[in-house]
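Inspection log for the structure reproduced underneath, given as structure tokens.
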Amino acid sequence: DVKVTQSSRYLVKRTGEKVFLECVQDMDHENMFWYRQDPGLGLRLIYFSYDVKMKEKGDIPEGYSVSREKKERFSLILESASTNQTSMYLCASSILTGLGNTIYFGEGSWLTVV
Amino acid sequence: AQSVTQLDSQVPVFEEAPVELRCNYSSSVSVYLFWYVQYPNQGLQLLLKYLSGSTLVKGINGFEAEFNKSQTSFHLRKPSVHISDTAEYFCAVSDSRTGGFKTIFGAGTRLFVKA
Chain A
1 DVKVTQSSRY LVKRTGEKVF LECVQDMDHE NMFWYRQDPG LGLRLIYFSY DVKMKEKGDI
61 PEGYSVSREK KERFSLILES ASTNQTSMYL CASSILTGLG NTIYFGEGSW LTVV
Chain P
115 AQSVTQLDSQ VPVFEEAPVE LRCNYSSSVS VYLFWYVQYP NQGLQLLLKY LSGSTLVKGI
175 NGFEAEFNKS QTSFHLRKPS VHISDTAEYF CAVSDSRTGG FKTIFGAGTR LFVKA
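Which chain is which? The protein sequence lines are A and P, in order. Take the first sequence: its position 29, counted from the start at 1, is 29 in the numbering used here, and no numbers get skipped. Take the second sequence: its position 84, counted from the start at 1, is 198 in the numbering used here, and no numbers get skipped.
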């Protein structure tokens, strides 16, 4: 089975802190994603990456950056956390094909910014 | 641009009753359609997907969905629900041009199954 592992399930950070959310997948997938999930808004794409050192902005990239130094690892960075970034963050991966890819998700990281 | 609308934010239903979760999409090109389920405190997992071919798609846990191109809908159904089906369900669409990079998710429907 594909496994996407998010290193932290629950975090509490202070406003202005730099926050790292780490994600590792074990299926050699080319694509990796970071989504934000908020009630009533569903999932919104923050950034995605289709190869090492490659990244593309999603729908809500402001206030976030990402890093992909190795194929299996995709990190989300909040340079200066703010209270409006309190949310559930989901990492995901998929293979790179031309058809409708199944996206495999991690269990999520609940981030509270106080 | 694509969009996905899940018509019900919450659906309460009694155990062993049938259920339908509604999803409409808009897209100017041919699409791939998905239903994902999120159990409490977990990530999302794929229930089923439509890529092409038969418009009736069967998924895991007894769920099925029907693609209706004329009505741009992809409703999810189950003839008899269990307590364990209580979860949030997300409809999603990606188009044939992007191959999945830009999968758009609906806002989700919370299914509550009552004893």
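All C-beta atoms in this analysis are idealised placements derived from N, C-alpha and C, irrespective of residue type, glycine included.
Residue nearest to residue 155 of chain P within the set A:90, A:112, A:84 and A:25 is A:90 (criterion: CA-CA distance).
Under the three-pair Cβ rule at 8 angstroms, the segment 62-77 of chain A counts as touching the segment 25-33 of chain A.
Under the DSSP assignment, residue 42 of chain A falls in the beta strand (DSSP E) whose first and last residues are 42-49. Taking a 10 Å sphere around the C-beta of residue 47 of chain A, we find 16 or more other C-beta atoms and assign the residue as buried.
Secondary structure of residue 83 of chain A (DSSP, three-state): helix. Considered as a whole, the segment 175-212 of chain P harbours 178-182, 187-192 and 201-209 as its complete beta strand (DSSP E) runs of no fewer than 3 residues, in chain order. By the rule that beta-carbons nearer than 8 angstroms mark a contact, residue 135 of chain P does not touch chain A.
Residue 143 of chain P sits exposed, since fewer than 16 C-beta atoms from the chains shown fall within 10 Å of its C-beta. Exposure of residue 131 of chain P is indicated by the presence of fewer than 16 other C-beta atoms within 10 angstroms of its C-beta. As far as DSSP is concerned, residue 74 of chain A takes part in no beta bridge. DSSP places residue 155 of chain P in the coil class of the three-state scheme, outside both helix and strand.
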